[in-house]
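Participant: Numbering (the working numbering), first residue to last: 36 to 327.
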Ligand SMILES: Nc1ncnc2c1ncn2[C@@H]1O[C@H](COP(=O)(O)OP(=O)(O)OP(=O)(O)O)[C@@H](O)[C@H]1O
Ligand SMILES: [Mg+2]
């Protein structure tokens with residue numbers, strides 16, 4: 036019999052549906068993961084094996100095959116640990132067979148069976164919600180997942196044992212609460228600028244009308260200084276913008292403790308920064324560029 040668990044693969048900030056299929060058959064003892072896994076996914080075998088043993092479950096001395104479908108989509112990252120482990124627990128009867136049917140699952144396992152936060156939980160939760168599924172993710176990422184929709188079923192266990200107890204009904208988990216990040220530090224303020232009335236007026240008009248701005252002037256005239264003070268007069272992010280900005284931060288792994296911030300992002304790249312440093316690089320990025 037094949038156990039199926041829904042998870043995702045990331046393409047940019049888009050979460051594509053991936054099906055983790057676990058099959059345990061009689062035969063030579065082996066544990067193989069197929070379906071274009073990268074090194075982190077292939078290594079999940081060791082984490083899953085140790086985490087299950089630490090949770091008091093032994094892997095059967097049989098042939099275990101894990102397939103990540105669709106087989107032609109590259110799978111990257113450590114978030115496949117949890118769906119593989121849960122698929123295995125269903126296959127050996129440690130979880131009810133239909134327990135995971137309504138959930139999308141992602142999370143990394145530590146060797147002691149506890150769950151570690153992963154990047155991309157927010158886009159995964161939004162994609163799961165669009166597919167009518169709930170989400171199972173590590174406790175540390177729970178506050179981030181809870182943002183996707185107010186009525187969505189989100190389970191954020193600390194460990195495999197806590198999740199097993201939840202499905203058994205002995206220790207039912209509460210839904211995580213969406214978290215908002217406390218404003219980090221004070222913003223550079225427009226009031227600090229001496230003179231430059233024309234430039235300040237231009238900043239205000241651009242901020243009010245959401246216009247683009249091109250600054251031109253000799254070195255030391257205060258262009259960078261003016262630009263850094265623009266966020267102080269911009270309104271906080273609206274709900275849609277908040278999710279859009281946070282999805283990028285989520286995939287990049289820069290959301291602290293799963294808390295979202297409504298502060299507008301400000302980046303000040305150095306003028307000598309290369310194209311790749313500004314907009315990203317790598318083989319997947321090149322593929323995406325070709326598609327555009
Ligand atoms: N009107 C001003 N009020 C307060 N400080 C100013 C003003 N104009 C310039 N400065 C000071 O001058 C310094 C240099 O300005 P800034 O780095 O913004 O120049 P720039 O126009 O970006 O130069 P570059 O073309 O070399 O990047 C700033 O750190 C700032 O402290
Ligand atoms: Mg400058």
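Quick reminder that beta carbons are idealized off the backbone N, C-alpha and C, glycines included.
The structure displayed is predicted, hence computed values, not measured ones.
(1) What are the residues that DSSP puts in a beta bridge with residue 39?
(2) Any heavy atom of ligand 2 closer than 6 Å to the CB of residue 259?
(3) May I have the straight-line CA-CA distance separating residue 164 from residue 192, to the nearest angstrom?
(4) Threshold first: 4 residues or longer. Then list the alpha helix (DSSP H) segments lying entirely within the stretch 50-137, N to C.
(5) Does the beta carbon of residue 56 fall short of 6 Å from some heavy atom of ligand 1?
(6) Under the rule that 16 or more other beta-carbon atoms within 10 Å means buried, what is residue 110, buried or exposed?
(7) Helix, strand or coil for residue 146, going by three-state DSSP, please let me know.
(8) Who are the Cβ neighbours of residue 66 in its own chain at under 6 Å, not counting the five residues just before and after it?
(9) Pick helix, strand or coil for residue 196, following the three-state DSSP scheme.
(10) Would you call the CB atoms of residue 58 and residue 40 closer than 7 Å?
(11) Any heavy atom of ligand 1 closer than 6 Å to the Cβ of residue 266?
(12) So residue 140 and residue 42 are in contact, right, with Cβ under 8 Å, and what is the actual spacing, rounded?
(13) Under 7 Å, do residue 55 and residue 158 count as touching if we go by C-beta distance?
(14) For residue 283, report the span of its alpha helix (DSSP H) as first-last.
(15) Among the residues of its own chain, which have a CB less than 6 Å from the CB of residue 146, if the five just before and after it don't count?
(16) Closest to residue 208 by CA distance: which of 189, 222, 214 is it?
(17) Do the CB positions of residue 195 and residue 180 come within less than 7 Å of each other?
(18) Per DSSP, which residues does residue 46 bridge with? Please list them.
(19) From residue 215 to residue 177, what does the alpha carbon distance come to, in whole angstroms?
(20) Going straight from the alpha carbon of residue 78 to that of residue 69, what length do you get?
(21) Is the beta carbon of residue 130 sitting closer than 7 Å to the one on residue 124?
(22) Just how far apart, CA to CA, sit residue 265 and residue 183?
(23) Roughly how many angstroms lie between the CA atoms of residue 222 and residue 314, to the nearest whole one?
(24) Can you give me the Cβ contacts of residue 257 inside the same chain, cut-off strictly under 8 Å, excluding the 5 residues immediately before and after it?
Facilitator: Taking the structure as given:
(1) Secondary-structure assignment with DSSP links residue 39 through a beta bridge to 56.
(2) Annotation for residue 259 indicates a beta carbon within 6 Å of some heavy atom of ligand 2.
(3) Their Cα atoms are separated by approximately 19 Å.
(4) When DSSP assignments are scanned along the stretch 50-137, the uninterrupted stretches of alpha helix (DSSP H) that are 4 or more residues long and fall wholly within it turn out to be 74-77, 79-89, 116-126.
(5) Not one heavy atom of ligand 1 falls within 6 Å of the beta-carbon of residue 56.
(6) Under the 10 Å beta carbon count, residue 110 is surrounded by 16 or more other beta carbons and is classified as buried.
(7) Three-state DSSP puts residue 146 in coil, outside helix and strand.
(8) For residue 66, where only same-chain residues beyond five positions count, the Cβ hits under 6 Å are 80, 99.
(9) DSSP places residue 196 in helix when its eight states are reduced to three.
(10) Against a cut-off of 7 Å, the Cβ pair of residue 40 and residue 58 comes out as no contact.
(11) Set against 6 Å, the gap from the CB of residue 266 to the closest heavy atom of ligand 1 is not smaller.
(12) The Cβ separation is near 5 Å, so the contact holds.
(13) No, these two residues do not count as a Cβ contact at 7 Å.
(14) Where residue 283 is concerned, the enclosing alpha helix (DSSP H) starts and stops at 274-287.
(15) Excluding residues within five positions, the ones whose Cβ falls inside 6 Å are 85.
(16) Closest option to residue 208, Cα to Cα, is 189.
(17) 7 Å or more divides the Cβ of residue 195 from the Cβ of residue 180.
(18) Residue 46 is bridged to 49.
(19) Near 12 Å, if we compare the C-alpha coordinates of residue 177 and residue 215.
(20) If I take the Cα positions, the gap works out to 12 Å.
(21) For residue 130 and residue 124, yes; Cβs fall inside 7 Å.
(22) Cα atoms of residue 265 and residue 183: separation of roughly 29 Å, rounded to the nearest angstrom.
(23) The straight-line gap from Cα to Cα measures roughly 25 Å.
(24) For residue 257, where only same-chain residues beyond five positions count, the Cβ hits under 8 Å are 228, 231, 234.
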